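Residue numbers (my numbering), protein chains in the order written: chain R, 1 to 359; chain C, 1001 to 1369. By construction, the Cβ of each residue, glycine as well, lies at the ideal position given by its N, Cα and C atoms. A quick note: this is a predicted structure, and the numbers were derived from the prediction, not measured. The structure appears below as C-alpha cells.
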C-alpha cells in the first residue's frame, strides 16, 4: 500500500526545484527514447520545445491552440478548487458551440459583429445549461457529478452529430454532415497586422483570454465568492461553520465552468471552422483538465500551462513534418512530460509512505 | 563619408545578390517537396494505410527526386488548417490532404498560397490551385454483388454502411445491381454504423446480420472486424480499402483495394513538367480525377474461397467494367418503392450518382434522414 501524507510545510526551495527536476527527468527520458528509436535526440527536443517559437506566426499558432484550453481550464479551476469534479467540459464546449451555431444559422444574412455578443452569450448559456444537469442532480439527489458530467459528454457528441446530419445539414452538401456556413456577423475575424497581414490563424477571440485571466485572478483572490470557493475546497468543515451554502457554491461553479467551456466552443467554431460539423472539439475539454492541474489551479498558472501543452502539441507536428517522427512517439514523450510535472507537483505537497496493505 | 556609405551599400547589395544566386541555383536541382496529411496513424489496414501505400509508391517511383513530408493523426478542424499551412510554409510544392473533412481547411490555406498545388481527396469543392481526387469505389461493389449473389444460400446479404451519404449509397446500389444481375431472389439489408472506423460497432453490426440469417457480408466501414466475425461464424465477406485476407483467410472472398499511388504519381509528374491542372470536370461532384478499375485506382484482389465458376463470373464482371461493356447504372433503373429513376436506353451520369438518396431494387428499407 502506498499512502500520501500531506507535508506540514511545503519547502520554498522545492517549489522551484521540483519543476526543474521534472523537466530534467523528462529530457533525460526523452533523449533515451529518441536515441533508442534512432532519431537525433537533440534535434527532436529542438523541434518539440523550440521550433514552435521559431517564427512569429508559429507563436500565434500556439496562442490559437492554447486559447480554448485556457478558457476551459479557468472554468474548471473554479470547480476543482471547491472539490466539484466537472469532467464534462468537452460536452459543455459542444453544447455551447451548438446553441450559438443554431442562433447564428437562424440569421443567415446578419453582418454586424455585434451579433457576436449574442452568439457568445448563447454559448455561455448552452454550456451552463449542460453543466446545470450534473449540478442539480448533485445538489438535490447527491448523484456523483463525475459520472453525470462525463456521460453527458457522449450525449452531447451524439446530439451534435444528429443535428448536423439532420436538422441543420446544408442541403448543398451532398449528404455530407456539414451545416451551412455561418453568416458574416457570427464569424470571429483574424487579426490583421499592419505590414505583415495575418499571422496564421490568430483571431480576435484571443482577446477574451487576456480579459479572462486577470478577471478570474481578481475573482478568486479578491472577492468573497472566490474566498468561499477556496475555503469550501480546502476546509469543507470550516466552510460549513462559516455558514457558506455548499449547494449554491456547487451550482455556481458548475454553471460558470460550463458557461466558459461553452464560450470556448463558440470562439473555436466562429474563428476557426465557420460552420457546424460532427466534430468541433477534438478533446479540448479533457486536455483542459490537465491544463487546470498543471497550472496549479491558478489563473496565471493555467495561462502558462495552456501555452506549454499547445507548444508540445505543435512541436510534435513539427517533429513529424521535418523528421518523420510518428505521433505515437511524440505522444509518449508528452505523457512522460506530464507524468513528471504532476509527480513533482504532488511530491512537493505530500510525503509517500509505504506500508503493508491489509487484504 | 557618403562615398564610403555607397561603397558599403553596393558591397552589401552584391553580397546579397550572390547569396541569392547561390540559393536559387541550389534549389534548381532540388527534389520536389510533397506533403501528405493523414487522418489517423496508418497502421496495417484501412483508409489511411491505403494512402500510406500510395505514398510509398511515390517514394519508390521518384527516389531522390521527391522529398515527402507526412503528418498523421490530424483532426478535421483548426489543426488541419494549421498543419496544411505549415506544410505550405515549409516549401512543399504539392500537398495531398487525404480525408473529406480537410475540404474547408485545404481551400482556406490554398487561398493564401496561390503558387502551391493542393489535392484534396474525396471533396467536392475546388479552386484555382485545389484539385480533387476520388476513387470509383462503387465499381468494386458491383463485383461484390455478383459474387455475393452466387455465393449466398440464404439469399440474405448483410451490408454495413458508414454514413448515409451519396458515396455510400451509390456503393449499396452498385452492389444491388451486381446482385440482381445473377440472383433475382437475394436482397440486401443495411445497418448504419454511423462511423468510418469502430471495430466494436462494426463487429456488433456483423453479428446482427448473421443472426438474421445473412451469410454474405459487405462493408463500407474501415476495420477488419466484420470479416473476423464472419470467419468465426462461417459466413463470407469482402475486404475494404486494403487486402484483409490476413485477418480472415477463410472468409474474405476478395477485397476492393484503394490504389492511390498511380494518381499521386501522375499529379506529381504533372507538377514537375509544369502541366498540373485542376481538370475541367463539373464543379459539383467529387473528383475531377475520379478513377476506378480502368485507371488502376481501384484494384480487385485475388478471388479466393469460392468455386471456379463463381470466380469466372467475377472475372467477367471485372473485365466488363474495365472494358466499359458493363455500365453499372444503365437504365432501366427502378428504386425499391417502384419509382422509375431512369428508363431503358439511358444511364445515370456522374452528377446523378452524387445525388443518390434512394435505394434501388434489391435493397430493403429506406435511406435514413
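Listing by chain order, which chain C residues have their CB less than 8 Å from the CB of residue i?
i, result
"residue 155 of chain R", "Residues of chain C passing the Cβ test: none, with the nearest at roughly 15 Å."
"residue 280 of chain R", "1077"
"residue 8 of chain R", "None at all; the shortest Cβ gap to chain C is about 45 Å."
"residue 324 of chain R", "1069 and 1070"
Secondary structure at residue i, three-state DSSP: helix, strand or coil?
i, result
"residue 1357 of chain C", "coil"
"residue 1236 of chain C", "strand"
"residue 1335 of chain C", "strand"
"residue 1313 of chain C", "helix"
"residue 1133 of chain C", "strand"
"residue 1090 of chain C", "coil"
"residue 1066 of chain C", "strand"
"residue 1080 of chain C", "helix"
"residue 1037 of chain C", "strand"
"residue 1249 of chain C", "coil"
"residue 1045 of chain C", "coil"
"residue 351 of chain R", "strand"
"residue 277 of chain R", "coil"
"residue 1021 of chain C", "Note on residue 1021 of chain C: pLDDT 47, under 50, position unreliable in the model; no value is reported."
"residue 1320 of chain C", "helix"
"residue 1173 of chain C", "helix"
"residue 1051 of chain C", "helix"
"residue 235 of chain R", "coil"
"residue 1384 of chain C", "Because chain C in this structure spans residues 1001 to 1369, residue 1384 of chain C falls outside the shown range and cannot be described."
"residue 346 of chain R", "helix"
Determine, using beta carbons only, whether residue i and residue j come nearer to each other than 9 Å.
i, j, result
"residue 1069 of chain C", "residue 1056 of chain C", "no"
"residue 108 of chain R", "residue 180 of chain R", "yes"
"residue 150 of chain R", "residue 88 of chain R", "yes"
"residue 92 of chain R", "residue 257 of chain R", "yes"
"residue 1139 of chain C", "residue 1334 of chain C", "no"
"residue 1206 of chain C", "residue 1186 of chain C", "no"
"residue 346 of chain R", "residue 29 of chain R", "no"
"residue 115 of chain R", "residue 185 of chain R", "yes"
"residue 1122 of chain C", "residue 1106 of chain C", "no"
"residue 1292 of chain C", "residue 1257 of chain C", "no"
"residue 1034 of chain C", "residue 1083 of chain C", "no"
"residue 267 of chain R", "residue 123 of chain R", "yes"
"residue 61 of chain R", "residue 303 of chain R", "no"
"residue 1036 of chain C", "residue 1081 of chain C", "no"
"residue 1339 of chain C", "residue 1358 of chain C", "yes"
"residue 1073 of chain C", "residue 1038 of chain C", "yes"
"residue 987 of chain C", "residue 1336 of chain C", "Shown here, chain C extends from 1001 to 1369; a query on residue 987 of chain C therefore has no answer."
At a CB-CB cut-off below 9 Å, which residues of chain R make contact with residue i?
i, result
"residue 1354 of chain C", "174 and 175"
Under 7 Å Cβ-Cβ, which residues of chain C neighbour residue i?
i, result
"residue 321 of chain R", "1069, 1071, 1086, 1087 and 1090"
"residue 327 of chain R", "1041, 1072 and 1073"
Counting only Cβ pairs nearer than 8 Å, list the residues of chain R close to residue i.
i, result
"residue 1081 of chain C", "201 and 272"
"residue 1357 of chain C", "175"
"residue 1100 of chain C", "176"
Determine the chain C residues that contact residue i at a beta-carbon separation under 9 Å, and present them in chain order.
i, result
"residue 170 of chain R", "Simply none; closest approach about 12 Å."
With a threshold of 9 Å between beta carbons, is residue i in contact with chain D?
i, result
"residue 317 of chain R", "In the structure shown, chain D does not exist; the protein chains are R and C."
Check: Between the segment 1110–1130 of chain C and the segment 1145–1154 of chain C, do at least 3 Cβ pairs fall closer than 8 Å?
Finding: no
Next item on the list: Assess, as a yes-or-no matter, whether the segment 230–250 of chain R is touched by the segment 125–139 of chain R under the definition of 3 or more beta carbon pairs within less than 8 Å.
Entry: yes
Next item on the list: Identify each residue in the segment 1119–1130 of chain C for which the Cβ-Cβ distance to at least one residue of chain R is less than 8 Å, and report them in chain order.
Entry: 1124
Checklist line | Proximal residues, the segment 1164–1175 of chain C versus chain R, C-beta separation under 9 Å | finding: 1164, 1165, 1166, 1167, 1168 and 1169
Next item on the list: Could you say if the segment 341–354 of chain R and the segment 66–80 of chain R meet the contact criterion of at least three C-beta pairs nearer than 8 Å?
Entry: no
Next item on the list: Closer than 8 Å, Cβ to Cβ, to anything on chain C: give me those residues from the segment 63–96 of chain R, in chain order.
Entry: 64 and 65
Margin query: Check whether the segment 1258–1272 of chain C and the segment 1310–1327 of chain C are in contact - that is, three or more C-beta pairs closer than 8 Å.
Written below: no
Next item on the list: Anything in the segment 245–269 of chain R with a Cβ closer than 8 Å to a Cβ of chain C? List those residues in chain order, please.
Entry: 268
Checklist line | At least 3 beta-carbon pairs within less than 8 Å: the segment 278–289 of chain R vs the segment 191–211 of chain R | finding: no
Next item on the list: Would you be able to state if there are at least three C-beta pairs under 8 Å between the segment 327–342 of chain R and the segment 57–70 of chain R?
Entry: no
Next item on the list: Spell out a yes or no on whether the segment 264–271 of chain R and the segment 39–56 of chain R are touching, meaning 3 or more CB-CB pairs, one atom from each, closer than 8 Å.
Entry: no
Margin query: Any contact between the segment 1153–1160 of chain C and the segment 1204–1221 of chain C? By contact I mean 3 or more CB pairs, one from each, below 8 Å.
Written below: yes
Margin query: Quick check: the segment 1043–1061 of chain C against the segment 289–306 of chain R, are at least 3 beta-carbon pairs closer than 8 Å?
Written below: no
Margin query: Does the segment 94–109 of chain R come into contact with the segment 189–198 of chain R, if we say contact requires no fewer than three beta-carbon pairs (one atom in each stretch) closer than 8 Å?
Written below: no
Check: Would you say the segment 161–172 of chain R touches the segment 298–306 of chain R, given that touching needs at least three Cβ pairs under 8 Å?
Finding: no
Check: Using 8 Å as the Cβ pair cut-off and three pairs as the minimum, do the segment 1157–1169 of chain C and the segment 1330–1350 of chain C touch?
Finding: no
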